[in-house]
Amino acid sequence: MTMFEDSYFINIAPMPAAGMGMCRFVGRLDGETVQQVDAHIGFSHRGIEKCMESVTPLQGLVYVEKLNRSAPFSCTHAFVLAVEKLLGVSVPERASHIRVILAETGRILSHLRATANLAAETGTNSVYPLTNKMAERIYALLDEICGADPFCTFIRPGGVKKDLAPRTEEILSAWLSKELLPVMREIEDLLTENRIFKSRTVDIGKIDAPLAEALGFSGVNLRACGAKWDLRTAEPYEVYGNLSFEAPIRTEGDCYSRYLLRIFEIYQSMQIIREALEKMPQGEVILPDFEIKETETLTLLSRHFELYEKGISLPAGEVYAAVESPLGEFGVFLISDGSARPYRCHFRSAGFPVMQALDALTAQCDLADVRVIAASLNLITTEIDR
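Mapping of the sequence shown onto numbering that gives the first Met the number 0: position 229 corresponds to residue 228, and the numbering continues sequentially without gaps.
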């Protein structure tokens, strides 16, 4: 702590805070009132964008998946869409439905964790056991229907790794109605009308839509200010354009409105999964040129090796593709020089623009509210630092 004339500086969060990862907040305080907050990032920087220049897109999936482990499939999904856009290919319709189902399952997991982190920062620790148990169930569920861990490059260029397991529709439907729904109702009972929770979140960390848009907000953080912007409806990708749902919005722009939106979006994701399952057609799940089959024949083993090690040559050019991740717009700017490896790969983090707004969001708030505001924004430093 450093003293100055009328204020002093203090390290607010020199350790993992609000479930966001490693980050340091340096606050300038006047008593218990925050005058300024500087976010020091970079503790989770791993140089992933540079690593992407030395690997093929298929090999690079392993790096991209590690950007945000709290939201499975979202980062990989954007990268794969960029590769497919550069190649000019369209995936089979069944694969597109599977991607939507997995993306919405990942959204549910991310929003549950964000809600638990926010609740913990306000003193409501009873939500953590519920969300942790459900997170374990989601991982087990993904292993059951995908046959692998969610971080196994399941979404890949050309489609998905393999088809979903038999009885997937029955398994998911039972999980949504018999397991997830009761947990959601219990979480709402614990938080939504909780006087202590509301006193720590209502009118805390407020921001209006014009400023949020100017700073580059997206996702829940932007829609909580009244801006109706969701890439799934504004610029539909995959089969989102064929599904019936609308982006929910709030107008308050505070921590409580961000919480309410995440709860609503979990229910919305449940409905999207049900509709995608109903409309999912039969057919292939990956384009033949991108398929890697388990085989013992010399010819196919040779093709497997060439596809994985040498990759498919990417046409020269540059593209941008983005998805509506649970944190907001996650985009990939990909430049190719005509080789099998990207010349440049830049990730548009959903949380990076939000981090710069912490100073404005925390101005004149109490010291105890800084971590609450950070938790409500659902910032993940591994995605921010890259």
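Beta carbons are placed, not taken as given, at the ideal position from N, Cα and C, and that holds for glycine.
- Classified as buried, Leu85 has 16 or more neighbouring CB atoms from the shown chains inside 10 Å of its CB.
- Beta-carbon to beta-carbon, Leu333 and Cys344 are separated by about 6 Å, close enough to satisfy the 8 Å threshold.
- Of the residues assessed, Ala173 falls on the exposed side of the cut-off, its CB having fewer than 16 other CB atoms within 10 angstroms.
- Within the DSSP secondary-structure output, Phe346 pairs in a beta bridge with Val331.
- In this structure, the alpha-carbon of Ala246 lies about 24 Å from that of Arg93.
- From the listed residues His44, His76, Ala213, the smallest Cα separation to Ala321 is found for His76.
- With a contact defined as Cβ atoms closer than 8 Å, Thr250 and Ser43 miss out at about 34 Å.
- Counting along the chain, Val82 sits inside no beta strand (DSSP E); it lies in the alpha helix (DSSP H) bounded by residues 73-86.
- Under DSSP, Asn10 takes part in a beta bridge, and its partners are Val25.
- Secondary structure at Gln363: coil, using DSSP grouped into helix, strand and coil.
- Arg385 counts as buried, since at least 16 other C-beta atoms from the protein chains shown sit within 10 angstroms of its C-beta.
- When beta bridges are read from the DSSP output, Tyr319 appears opposite Phe332.
- One alpha carbon belongs to Leu286, the other to Pro325, and they sit about 28 Å apart.
- Membership of Thr32 in the beta strand (DSSP E) is indicated by the continuous run 32-39.
- DSSP, read as helix, strand or coil, puts Ser324 in strand.
- Cβ contact annotation for Pro314 (same chain, cutoff 8 Å, sequence separation greater than five): Leu85, Leu86, Gly87, Ser335, Gly337, in chain order.
- Taken in chain order, the complete alpha helix (DSSP H) segments of 4 or more residues contained in the region 155-243 are 167-173, 180-190, 194-200, 208-214, 218-222, 230-233.
- When the beta-carbon positions are compared, Ile372 and Ile203 come within less than 8 Å of each other.
- A direct Cα-to-Cα measurement between Leu221 and Asp29 gives close to 30 Å.
- If you draw a straight line from the Cα of Tyr239 to the Cα of Leu163, it comes to about 19 Å.
- Counting of Cβ neighbours within 10 angstroms places Arg98 among the buried residues, the total reaching 16 or more.
- Assigned with DSSP and collapsed to three states, Ile379 falls in coil, not helix or strand.
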